[in-house]
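Whatever position you read off the sequence shown (first residue = 1), add 291 for this note's numbering.
Using N, Cα and C, we set each Cβ at its ideal position, and we do this for glycine too.
What follows is a single structure, written as structure tokens, with notes after it.
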Amino acid sequence: MKFRPLHDRVVIRRAEGDIKSKGGIIIPDTAKEKPQEGEVIAVGPGARDENGTLVPLDVKAGDFILFGKWSGTEVKIDGADLLIMKEADIMGVIDKSETAATDKTVAAKKAA
292 MKFRPLHDRV VIRRAEGDIK SKGGIIIPDT AKEKPQEGEV IAVGPGARDE NGTLVPLDVK
352 AGDFILFGKW SGTEVKIDGA DLLIMKEADI MGVIDKSETA ATDKTVAAKK AA
């Protein structure tokens, strides 16, 4: 089934949470905190302003985003647990390529 959100809504797949703590303790599913980041799966066409002009969304499918802890509505589509939220609930876009470059620089400095 193909799902297309309406207006300024966005469909998000939550990132997988860690199953182990930093100390190596395995965390059961019931005690795990849900991650506040995820990948945008689908976006609506955008919202309309006061003049009726369509304002496109700033996020696109494939973006990794950060959102509020209680943001969105949890739904199940084709057996997958997803979130539907408005674009206003999204705090920002995570640039994975910049994060990877920073991690490599830090690792190189530690090795030196």
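Query, Result
"Between which two residues does the beta strand (DSSP E) holding residue 295 run?", "Unbroken run through residue 295: none, as it is neither H nor E."
"Measure from the alpha carbon of residue 365 to the alpha carbon of each residue in 351, 305 and 346, then state which is nearest.", "305"
"Pick helix, strand or coil for residue 369, following the three-state DSSP scheme.", "coil"
"Report the residue ranges of all beta strand (DSSP E) runs contained in full by the region 332-370; include only those spanning at least 3 residues, in chain order.", "355-358 and 364-368"
"Taking only the alpha-carbon atoms, compute the straight-line gap between residue 370 and residue 347 and give it to the nearest angstrom.", "29 Å"
"Check this for me: beta carbons of residue 382 and residue 363, under 9 Å apart or not?", "no"
"Mind checking whether residue 345 and residue 338 have CB atoms under 9 Å apart?", "yes"
"Residue 333 to residue 296, Cα distance in whole Å?", "7 Å"
"What residues match up with residue 376 in a beta bridge as DSSP calls it?", "301"
"Looking only at its own chain, which residues have a Cβ that is under 8 Å from the Cβ of residue 376, when we skip the five neighbours before and after it?", "300, 301, 303, 358, 362, 363 and 364"
"Work out the CA separation of residue 354 and residue 388 for me, nearest whole Å.", "12 Å"
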